[in-house]
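Asks: First the structure, which I've put down as structure tokens, then a few questions once you've had a look.
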Amino acid sequence: MLGSFYRPALLWAAASTLAVILSLTPGKSAQAETAFDFNRKLGSGINLGNALEAPKEGDWGVILQPEYFTLIKAAGFNHVRLPVSWSTHAAVDAPYTIEPAFVERVDWAIKQARDNGLKVVLNMHHYEQLEADPAAHTQRFIAMWQQIAEHLQKEPDDLAFEFYNEPARNINADKWNSLFAQTLKTVRSSNPRRCVVVGPIDWNDVGELHSLQLPNDKNLLVTIHYYAPKRFTHQGASWIGPEADKWLGTKWTGSAKETADMTADFDKAADWGRLHARPIYVGEFGAYEKADMDSRVLWTKAVRAQAQSHGFSDAYWEFCSGFGAYDPQGKKWRTPLLDALTVTTK
Ligand code: GLC
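Read left to right, the sequence shown gives residues 394 to 739 (the numbering used here).
Laid out in structure tokens, this is it:
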């Protein structure tokens, strides 16, 4: 048995060996630190959906108001995710200039968030032609991000870029990995350290994390979207197609089976995150208004709890439209939903 005198020396030797091993694997430890720290600060947020990602703001019934940001902050959220349809506001020919008035509108939203102490995840949403024909739209996609990134390069680091919401359709894993890497290279020349959010194909599905191949960059935050089971969260959602009407009446009760399925999905994401030393952000989750309120509340609470217990940040989909936690006509929060979203963070 070793005398107590030797134990500190042994501990010191073990610690030095560990330090040497870590210094020999530079990417991983440094990578983990920066992005994990940002993710902790991101905490819980809400998507300002159906506003700036409509072809034109207002087309889908939401025009951002200054008080939205104040309300979101006062309710206890830490950030807003800002979905934006850049492609309907940029020239179709090179150099694909984005309309200055639209850039100003996005600037306004970022400033409102900042003035209220909210971080921002700024994305590109609904570039339908890119999803139909990725090769034909690669140059335009990168050119738009070059403009956005150069324009916002002086912004503080409480702003993150998310290059594309839910890559899907003809954007397969190879195409997405390559498009993401090319775009990152361009964006990094003006924003060397800004946090960039990236998720897997198939609408940011947990099951596709394995196909995500990321460049060696320490400021990447990996996102997944969570809407399972879809027949519950998207019942009656017209954009899904006629089958969604057949799902009407589906409940979510938090049964042992439902909870086990949800836990398995979150465990899978956490395992991938650990293996690749990447933090995880549940950038969207929500249940549509056609589901009954009791089920929505239970499900929302359960997803929040999973995100928290796995150390993920999250953002509810969305503020004041069909999934809305806030009722813009009545000008009040839907209290059961808000409680489900914030009860564990207050
Ligand atoms: C995705 C879609 C958005 C939709 C939401 C819920 O973000 O882009 O349009 O409302 O998921 O289905």
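C-beta atoms are modelled at their ideal positions from N, C-alpha and C, and glycine is treated no differently.
Compare the beta carbon distance of Phe672 and Phe470 with 9 angstroms and say whether it is the shorter of the two.
Replies: Checking the sequence, you will find Pro at residue 672 rather than Phe. Not closer than 9 angstroms, so no.
Asks: Taking only runs of the beta strand (DSSP E) that begin and end inside the region 469–551, which ones reach a length of at least 3 residues, in chain order?
Replies: Those beta strand (DSSP E) runs which fall completely within the region 469–551 and span 3+ residues are 472–475 and 512–516.
Asks: Of the choices Ser478, Leu464, Ala561 and Cys588, whose alpha-carbon is the least far from that of Glu524?
Replies: Residue Ala561 is the option with its Cα nearest to Glu524.
Asks: With DSSP as the reference, label Leu605 as helix, strand or coil.
Replies: Coil at Leu605, not helix or strand.
Asks: Ser706 by DSSP, collapsed to three states: which one?
Replies: Ser706: strand per DSSP, three-state reduction.
Asks: Under a Cβ-count criterion, where at least 16 other Cβ atoms within 10 Å of its own Cβ denotes burial, should Lys683 be classed as buried or exposed?
Replies: Flag for Lys683 reads buried.
Asks: Taking all protein chains shown into account, do 16 or more other C-beta atoms lie within 10 angstroms of the C-beta of Asp598, making it buried, or fewer, making it exposed?
Replies: Buried, because 16 or more other Cβ atoms sit within 10 Å of the Cβ of Asp598.
Asks: Write down every uninterrupted run of the beta strand (DSSP E) in the region 590–677 whose length is 3 residues or greater and which is fully enclosed by it, in chain order.
Replies: Complete beta strand (DSSP E) runs here, min 3: 613–619.
Asks: Rounding to the nearest angstrom, what Cα-Cα distance links Lys725 and Phe554 in this structure?
Replies: Going from the Cα of Lys725 to the Cα of Phe554 covers about 30 angstroms.
Asks: If we call anything under 9 angstroms between Cβ atoms a contact, is Gly438 one with Tyr709?
Replies: Yes; because the gap between Cβ atoms is below 9 angstroms, this pair is in contact.
Asks: Assuming Ser706 and Tyr674 are in contact, meaning their beta carbons sit under 8 angstroms apart, how far apart are those beta carbons, in whole angstroms?
Replies: So it is a contact: roughly 5 angstroms between Cβ atoms.
Asks: Can the beta-carbon of Pro549 be found closer than 9 angstroms to that of Arg586?
Replies: No, Cβ-Cβ distance for Pro549 and Arg586 is not below 9 angstroms.
Asks: Thinking C-beta only, is Val496 closer than 9 angstroms to Leu445?
Replies: Not closer than 9 angstroms, so no.
Asks: Would you mind listing the beta strand (DSSP E) stretches within the region 432–458 that are 3+ residues and don't spill past its ends, in chain order?
Replies: 437–440, all fully within the region 432–458.
Asks: Comparing the CB of Tyr429 with every heavy atom of the ligand GLC, is any distance shorter than 8 angstroms?
Replies: Residue identity differs from the one stated: residue 429 is Phe in this sequence, not Tyr. Phe429: no, Cβ never under 8 angstroms from the ligand GLC.
Asks: Arg581: which of Ala566, Lys661 and Ile541 sits nearest, CA to CA?
Replies: Out of Ala566, Lys661 and Ile541, Ile541 has the C-alpha closest to the C-alpha of Arg581.
Asks: Buried or exposed for Ile465, going by 16 or more other Cβ atoms inside 10 Å?
Replies: Result: buried.
Asks: Let me make sure I understand the geometry here. Which of Gly442, Pro608, Ala653 and Gly679 has the alpha-carbon closest to that of Trp453?
Replies: Selected option, being the one with the closest Cα: Gly442.
Asks: With DSSP run on the structure shown, which of helix, strand or coil describes Ala561?
Replies: In the structure shown, Ala561 sits in coil (DSSP, three-state: anything other than H, G, I, E or B).
Asks: Report the rounded CA-to-CA distance for Asn516 versus Asn558, giving the unit in angstroms.
Replies: Cα to Cα, the separation comes out at about 7 angstroms.
Asks: Within 10 angstroms of the Cβ of Thr643, are there 16 or more other Cβ atoms? Answer buried if so, exposed if not.
Replies: It counts as buried.
Asks: Cβ of Leu730 within 9 angstroms of Cβ of Val690?
Replies: Going by C-beta atoms, Leu730 is nearer than 9 angstroms to Val690.
Asks: Taking just the CA atoms, how far does Ala494 sit from Arg667?
Replies: Roughly 42 angstroms between the two C-alpha positions.
Asks: Which of the three DSSP states, helix, strand or coil, is assigned to Asp567?
Replies: Asp567: helix per DSSP, three-state reduction.
Asks: By DSSP, does Phe429 sit in helix, in strand, or in coil?
Replies: Looking at Phe429 - three-state DSSP - the assignment turns out to be helix.
Asks: Does the ligand GLC have even one heavy atom less than 8 angstroms from the beta-carbon of Gly442?
Replies: Gly442: yes, Cβ under 8 angstroms from the ligand GLC.
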